Amino acid sequence: MDFQKGDEVEVESGELGFIGSYYEATIISSIGTSRYKVNYKTLLTEDESELLEEIVTPSRVRPIPPHIANPVGDFNLYDGIDVFDNDGWWFGFIYGNIEFDYIVYFPTTDEELKYPPDVLRTHQEWTYKGK
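Start counting the sequence shown at 0; every next residue gets the next number (numbering that gives the first Met the number 0).
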């Protein structure tokens with residue numbers, strides 16, 4: 000998929016400890032046919048003075064998933080979900096619930112953490128099928 004300047008996207012992290020997480024960004028420009036320059040919406044530079052810009056390969060970029068409404072209490076045990084935490088989206092599974100919050104299991108870190116439903120979304124796989 001070719002992205003254009005101004006497109007809203009999510010960029011997969013390649014950093015150890017963050018693999019599998021996605022961060023919202025805007026395409027600033029294409030660099031040749033093999034890279035994009037992006038401006039992250041939630042990640043800051045090391046000195047935290049401005050939003051981080053980075054050059055990334057197309058394999059790390061996907062479109063923003065379409066919104067799927069999930070009323071409170073609408074997730075089921077073992078549903079695949081994304082959790083917005085630490086400035087990005089992290090994949091996990093519903094593992095249980097405590098009152099109105101959900102217990103989420105993260106397979107990449109082998110952790111179980113509790114979250115309110117407003118930071119969860121239904122997980123959607125991005126499959127690029129070419130032109």
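Just so you know, even glycine gets a beta-carbon here, dropped at the ideal spot from N, CA and C.
Since the model is a prediction, treat every value here as computed from it, not as a measurement.
Inter-residue Cα distance where the pair is residue i and residue j
i: T141; j: E52; result: Residue coverage of the chain in this structure runs from 0 to 130, which leaves residue 141 outside it and unanswerable.
i: P116; j: S28; result: 35 Å
i: S58; j: F99; result: 37 Å
i: G91; j: H66; result: 18 Å
i: E47; j: N85; result: 15 Å
i: E111; j: N96; result: 11 Å
i: I80; j: S33; result: 30 Å
i: D1; j: P62; result: 10 Å
i: P106; j: W89; result: 10 Å
i: Y114; j: I30; result: 38 Å
i: Y35; j: T56; result: 6 Å
Sub-7 Å separation of residue i and residue j beta-carbons
i: V82; j: L119; result: yes
i: D73; j: I93; result: no
i: E9; j: Y21; result: yes
i: K40; j: E23; result: yes
Extent of the continuous beta strand (DSSP E) to which residue i belongs
i: K40; result: 34–43
i: D84; result: 79–84
>> Please give me, in chain order, every unbroken run of the beta strand (DSSP E) with length at least 3 that falls completely inside the region 88–127.
In response: You should have 100–105, 110–114, 119–121.
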